[in-house]
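Worksheet: the structure to be examined is printed underneath.
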Amino acid sequence: MITFTLWDILRNLLLATRWTILLSLVSFVGGGLVGLCLLFLRISRRKAARAFAKYYIELFQGTPLLMQLFIAFFGLGLFGIDVPAWLAAGLALILWSAAFLTEIWRGCVEAVARGQWEAAASLGMGRLQQMRYVILPQALRIAIPPTVGFSVQIVKGTALTSIIGFVELSKAGTVVTNATFQPFTVYGLVALIYFALCWPLSKSSQILERKLNVAHRNH
14 MITFTLWDIL RNLLLATRWT ILLSLVSFVG GGLVGLCLLF LRISRRKAAR
64 AFAKYYIELF QGTPLLMQLF IAFFGLGLFG IDVPAWLAAG LALILWSAAF
114 LTEIWRGCVE AVARGQWEAA ASLGMGRLQQ MRYVILPQAL RIAIPPTVGF
164 SVQIVKGTAL TSIIGFVELS KAGTVVTNAT FQPFTVYGLV ALIYFALCWP
214 LSKSSQILER KLNVAHRNH
């Protein structure tokens with residue numbers, strides 16, 4: 014019978030953690046890019062653009078991420094399209110992340126005083142110029158803490174991708190448990206690794222929020 018040391022278990026889990034980190038980064042960056050495009054639609058003066066962004070956000074916020082993963086993985090298969098688990102996982106998480114990031118950033122843009130829009134307009138700036146040079150730089154300071162905080166949810170969300178066969182940390186935990194018959198040890202280490210990934214992000218969000226609030230009050 015093959016025996017597994019603690020180091021053997023930890024090494025296999027750490028190898029899978031690379032994919033959790035990579036998927037989290039891809040989802041955060043991709044979701045941020047899509048979310049930025051949706052933000053411009055969400056605050057557009059065109060009714061159709063605002064409606065599209067609104068219904069997109071409601072759809073992805075109002076349905077479980079697990080269901081979105083199933084649709085991305087199995088749904089396209091109904092049309093004869095073979096979708097790898099990593100592609101379905103990345104696509105679903107990007108679209109899901111974009112919906113939440115858009116709403117976070119919209120709240121930050123709306124927190125900027127209305128007078129800033131009016132001052133920018135009085136200088137002859139167009140809508141995009143107002144956003145680029147006046148509104149977004151101010152909204153960015155407000156947006157950093159909640160954006161960093163949401164990245165924790167993305168890391169946790171990657172655990173659901175194991176259901177479609179993507180081998181990340183939680184899936185590796187199941188595989189290693191089946192091989193070692195040591196569920197307490199394996200899942201204890203899995204929990205510790207997730208904590209090591211998420212706690213610094215959560216703490217950074219709290220620290221940034223305090224610092225930016227103090228800076229705002231002093232200003």
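Here my numbering is used: the first residue of the sequence shown is 14, the next is one more, and so on.
Beta carbons: idealized from backbone N, C-alpha and C, even for Gly.
Checklist line | Boundaries (first-last residue) of the alpha helix (DSSP H) holding Tyr69 | finding: The sequence position of residue 69 within the sequence shown is 56, counting from 1. Its alpha helix (DSSP H) spans residues Lys60 to Gln74.
Check: At a cut of 8 angstroms, does the region 163–177 reach the region 37–45 through at least three beta carbon pairs?
Finding: The count of Cβ pairs closer than 8 angstroms, one atom from the region 163–177 and one from the region 37–45, reaches three, so the stretches are in contact.
Note to self: Quick check: what's the CA-CA separation for Arg31 versus Trp109?
What the structure shows: Here residue 31 refers to the residue found at position 18 of the sequence shown. Here residue 109 refers to the residue found at position 96 of the sequence shown. Near 21 angstroms, if we compare the C-alpha coordinates of Trp109 and Arg31.
Note to self: Residues in the same chain with beta-carbon distance under 7 angstroms from Ala158, minus the five sequence neighbours each way, listed in chain order, please.
What the structure shows: Taking the sequence shown and counting its residues from 1, one reaches residue 158 at position 145. Here residue 158 turns out to be Pro, not Ala, going by the sequence shown. Within the same chain, Pro158 has close Cβ partners Ser218, Leu221, Glu222 and Leu225.
Check: Is the beta carbon of Ala185 less than 8 angstroms from the beta carbon of Ala66?
Finding: Sequence index remark: in the sequence shown, residue 185 carries index 172 (1-based). Sequence index remark: in the sequence shown, residue 66 carries index 53 (1-based). Contact check for Ala185 against Ala66 fails: the beta carbons are separated by 8 angstroms or more.
Next item on the list: Out of Val168, Asn25 and Thr187, state which residue places its alpha-carbon closest to the alpha-carbon of Gly103.
Entry: As a working mapping, residue 103 is identified with position 90 in the sequence shown. Closest in C-alpha terms to Gly103, from the list Val168, Asn25 and Thr187, comes Val168.
Margin query: Taking the alpha helix (DSSP H) that Val168 belongs to, which residues open and close that run?
Written below: Here residue 168 is taken as the residue at index 155 of the sequence shown, counted from 1. Leu149 to Gly170 is the span of the alpha helix (DSSP H), which, as asked, contains Val168.
Item checked: Burial state of Trp118, where buried means 16 or more other Cβ atoms lie within 10 Å -> The count along the sequence shown starts at 1 and reaches residue 118 at position 105. So Trp118 counts as buried.
Next item on the list: Tell me where the alpha helix (DSSP H) around Phe113 begins and ends.
Entry: Position 100 of the sequence shown, counted from the first residue, corresponds to residue 113. Run containing Phe113: Ala98 to Ala124, per the alpha helix (DSSP H) assignment.
Next item on the list: Note down, in chain order, each residue of its chain lying with its Cβ closer than 7 angstroms to the Cβ of Met14, except the 5 sequence neighbours on either side.
Entry: Here the question's residue 14 lines up with position 1 in the sequence shown. Confidence at Met14 is low in this model, with a pLDDT of 47, below 50, so the placement of that residue is unreliable and no value is reported for it.
Notebook entry, point to check: Alpha carbon to alpha carbon, what distance is there between Lys60 and Arg145?
Noted result: Position 132 of the sequence shown, counting from 1, holds the residue named residue 145. Position 47 of the sequence shown, counting from 1, holds the residue named residue 60. The alpha-carbon atoms of Arg145 and Lys60 are separated by roughly 22 angstroms.
Margin query: Rounding to the nearest angstrom, what Cα-Cα distance links Gly137 and Gly128 in this structure?
Written below: In the sequence shown, counting from the first residue as 1, residue 137 sits at position 124. In the sequence shown, counting from the first residue as 1, residue 128 sits at position 115. C-alpha separation (whole angstroms): 14 angstroms.
Next item on the list: Identify which residue in Ala124, Cys121, Gln74 and Cys211 has its Cα closest to the Cα of Ala111.
Entry: Position 98 of the sequence shown, counted from the start, is the residue given in the question as residue 111. In terms of Cα proximity to Ala111, the closest of Ala124, Cys121, Gln74 and Cys211 is Gln74.
Margin query: I need the straight-line Cα distance from Gly45 to Leu114, nearest angstrom please.
Written below: The residue labelled residue 45 in the question sits at position 32 within the sequence shown. The residue labelled residue 114 in the question sits at position 101 within the sequence shown. Distance between the alpha carbons of Gly45 and Leu114: 7 angstroms.
Next item on the list: Please classify Phe92: is it buried, with 16 or more other beta-carbons within 10 angstroms of its beta-carbon, or exposed?
Entry: As a first step, residue 92 must be located in the sequence shown, where it is residue number 79. Exposed, since its Cβ has fewer than 16 Cβ neighbours within 10 Å.
Item checked: Through-space distance from Thr16 to Ala152, alpha-carbon basis -> Translated into positions along the sequence shown, residue 152 becomes position 139. Translated into positions along the sequence shown, residue 16 becomes position 3. Computed Cα separation, rounded: 55 angstroms.
Check: Roughly how many angstroms lie between the CA atoms of Pro213 and Tyr207, to the nearest whole one?
Finding: As a first step, residue 213 must be located in the sequence shown, where it is residue number 200. As a first step, residue 207 must be located in the sequence shown, where it is residue number 194. Approximately 11 angstroms between the Cα atoms of the pair.
Margin query: Looking only at its chain, what residues have a beta carbon closer than 8 angstroms to the beta carbon of Leu190, apart from the 5 residues adjacent to it on each side?
Written below: Here residue 190 is taken as the residue at index 177 of the sequence shown, counted from 1. Strictly speaking, residue 190 in this sequence is Thr, with Leu absent from that position. The answer, listed in chain order, is Pro196, Val199 and Tyr200.
Note to self: Classify Ser135: buried if its beta carbon has 16 or more other beta carbons within 10 angstroms, exposed otherwise.
What the structure shows: Indexing the sequence shown from 1 puts residue 135 at position 122. Counting Cβ neighbours within 10 Å, Ser135 comes out exposed, since fewer than 16 surround it.
Notebook entry, point to check: In this structure, does DSSP put Gln195 in helix, strand or coil?
Noted result: Counting from one through the sequence shown, the residue named residue 195 turns up at place 182. Secondary structure at Gln195: coil, using DSSP grouped into helix, strand and coil.
Next item on the list: Under the assumption that Val147 contacts Ala133 (Cβ atoms under 8 angstroms), give the Cβ distance between them as a whole number of angstroms.
Entry: Within the sequence shown, numbered from 1, the residue matching residue 147 stands at position 134. Within the sequence shown, numbered from 1, the residue matching residue 133 stands at position 120. About 4 angstroms; that satisfies the 8 angstroms criterion.
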